[in-house]
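Structure record follows, encoded as structure tokens.
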Amino acid sequence: MRKNIVAGNWKMNKNLQEGIALAKELNEVLSADKPNCDVVICTPFIHLASVTPIVNSEIIGVGAENCADKVSGAYTGEVSAEMVASTGAQYVILGHSERRAYYHETVEILEEKVKLALANNLKPIFCIGEVLEEREANKQNEVVAAQLASVFSLSAEDFSKVILAYEPVWAIGTGKTATPEQAQEIHAYIRSLVADKYGKEVAENTSILYGGSCKPSNAKELFANPDVDGGLIGGASLKAADFKGIIDAFK
Ligand code: PGA
Numbered sequence: 002m003r004k005n006i007v008a009g010n011w012k013m014n015k016n017l018q019e020g021i022a023l024a025k026e027l028n029e030v031l032s033a034d035k036p037n038c039d040v041v042i043c044t045p046f047i048h049l050a051s052v053t054p055i056v057n058s059e060i061i062g063v064g065a066e067n068c069a070d071k072v073s074g075a076y077t078g079e080v081s082a083e084m085v086a087s088t089g090a091q092y093v094i095l096g097h098s099e100r101r102a103y104y105h106e107t108v109e110i111l112e113e114k115v116k117l118a119l120a121n122n123l124k125p126i127f128c129i130g131e132v133l134e135e136r137e138a139n140k141q142n143e144v145v146a147a148q149l150a151s152v153f154s155l156s157a158e159d160f161s162k163v164i165l166a167y168e169p170v171w172a173i174g175t176g177k178t179a180t181p182e183q184a185q186e187i188h189a190y191i192r193s194l195v196a197d198k199y200g201k202e203v204a205e206n207t208s209i210l211y212g213g214s215c216k217p218s219n220a221k222e223l224f225a226n227p228d229v230d231g232g233l234i235g236g237a238s239l240k241a242a243d244f245k246g247i248i249d250a251f252k
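Here the sequence shown is numbered in our numbering, starting from 2 and rising by one per residue.
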């Protein structure tokens, strides 16, 4: 059966000391009251090597928010999937809408990143989702289908290591959440696309997370949907109490 997962995306927040303090606090809180789902925190690159040794890996997985689309070499400022893995991180967010919009990451670039992540035993948390104009034009299904091309070139074995995250761009950081019905409808559609490509068993085993203004007060009704297998959490992952409140939606 597929896993329920709550993953935090710290984005470009917290300096090193603040990040270490948050990871420690979360580790204490979740060690005292064990989660009923997998928990992952995705941090800026510079935090990874400090955060991985201070969290109990049986309770909290650690991931990066991006990795390079090249193996190694003269790519000033880039961080490779191998470097991420060498910190002890096990996950990497790829295809976040902020990366697509501000850093022009295309379907092809993301396909390279996904392959390199998998080659280095990192589990990609692969994000898809439409912008407001696309939702208003009722084009969300074709948008997510096109974005999935980056992972649909994988073998079934490799695809089964991918976690999908549906994040409507109009809901990210806006306080505007998709309704549980909107989330369920498109998650079921995404799962049907996976089934068409890889078969029903792979589709049933794929975790599909919801992201976009998810908070303790709405997590339970979002995660109650049969095709919503947890969340990718931005703002609310920056406070241990809020993040724990979302994790507790699975209790
Ligand atoms: P948000 O961000 O929870 O702050 O809306 C979610 C995300 O971008 O992953």
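Think of the CB as a built atom: it goes at the ideal place given N, C-alpha and C, for glycine as much as any other residue. Computed from a predicted model, the values in this text were never measured in an experiment.
* To do: Kindly indicate which three-state DSSP category Tyr92 falls into: helix, strand or coil?
  => strand
* To do: Taking only the alpha-carbon atoms, compute the straight-line gap between Gly78 and Phe46 and give it to the nearest angstrom.
  => Answer to the nearest angstrom: the Cα atoms are 11 Å apart.
* Close Cβ partners of Gly96 (< 6 Å) along its chain, the five nearest in sequence each way excluded -> Leu111, Phe127, Cys128
* Asked: Would the beta-carbon of Lys12 be found less than 8 Å away from any heavy atom of ligand 1?
  -> The nearest non-hydrogen atom of ligand 1 is less than 8 Å from the C-beta of Lys12.
* To do: State the DSSP-derived secondary structure class of Asn206, mapped to helix, strand or coil.
  => Correct three-state label for Asn206: helix.
* Are Pro125 and Ile173 closer than 9 Å when you measure CB to CB? -> Not in contact: Pro125 and Ile173 (Cβ atoms no closer than 9 Å).
* In the DSSP assignment, what residue or residues form a beta bridge with Ala211? -> A quick correction: the sequence has Tyr, not Ala, at residue 211. Looking at the DSSP assignment, Tyr211 forms a beta bridge with Tyr167, Gly232.
* Asked: How is the beta strand (DSSP E) around Pro125 delimited, first residue to last?
  -> Here the beta strand (DSSP E) through Pro125 covers 124–129.
* Contact check, Leu49 vs Val85, beta carbons under 9 Å -> Yes. Within cutoff.
* Report the option in Trp171, Gln141, Lys116 whose CA atom is closest to the CA atom of Ser156. => Sorting Trp171, Gln141, Lys116 by C-alpha distance to the C-alpha of Ser156 places Lys116 at the top.
* **Coarse secondary structure for Asn219, derived from DSSP in three states** => helix
* Asked: What is the DSSP secondary structure of Ala65, counted as helix, strand or coil?
  -> The answer is strand: DSSP assigns Ala65 an E or B state.
* To do: Taking Ile209 as the reference, give the member of Ser218, Asp197, Asn226 with the closest Cα.
  => Asn226
* **Reference Ala241, options Ser32, Arg3, Met13, Asn5, closest by Cα** => Considering only Ser32, Arg3, Met13, Asn5, the residue with the shortest C-alpha distance to Ala241 is Ser32.
* What are the boundary residues of the alpha helix (DSSP H) that includes Gly176? -> Neither: Gly176 is in no alpha helix (DSSP H) and is coded neither H nor E.
* Residue interval of the beta strand (DSSP E) (run including Val152) -> Segment: none, Val152 is in no beta strand (DSSP E) and carries neither H nor E.
* **Contact test: Thr175 Cβ vs ligand 1 heavy atom, cutoff 8 Å** => It does: the Cβ of Thr175 is within 8 Å (strictly closer) of some heavy atom of ligand 1.
* Asked: Between the C-alpha atoms of Asp249 and Ala146, what's the straight-line distance to the nearest angstrom?
  -> Those two C-alpha atoms are separated by around 31 Å.
* Give a single yes or no on whether Ala237 has its beta carbon closer than 8 Å to a heavy atom of ligand 1. => yes
* Tell me where the beta strand (DSSP E) around Ile6 begins and ends. => DSSP places Ile6 in the uninterrupted beta strand (DSSP E) bounded by 6–10.
* Asked: When the Cα of Val152 is compared with those of Ser87, Arg100, Leu119, which residue comes out closest?
  -> Leu119
* Asked: So does Leu233 have its beta carbon nearer than 8 Å to some heavy atom of ligand 1?
  -> The answer is yes for Leu233.
* To do: For the alpha helix (DSSP H) holding Asp243, just list the boundary residues, first then last.
  => 241–248
* Just to confirm, does Gly212 get its C-beta within under 8 Å of one of the non-hydrogen atoms of ligand 1? -> With a cutoff of 8 Å, Gly212 counts as near ligand 1, since its C-beta is closer than that to a heavy atom of the ligand.
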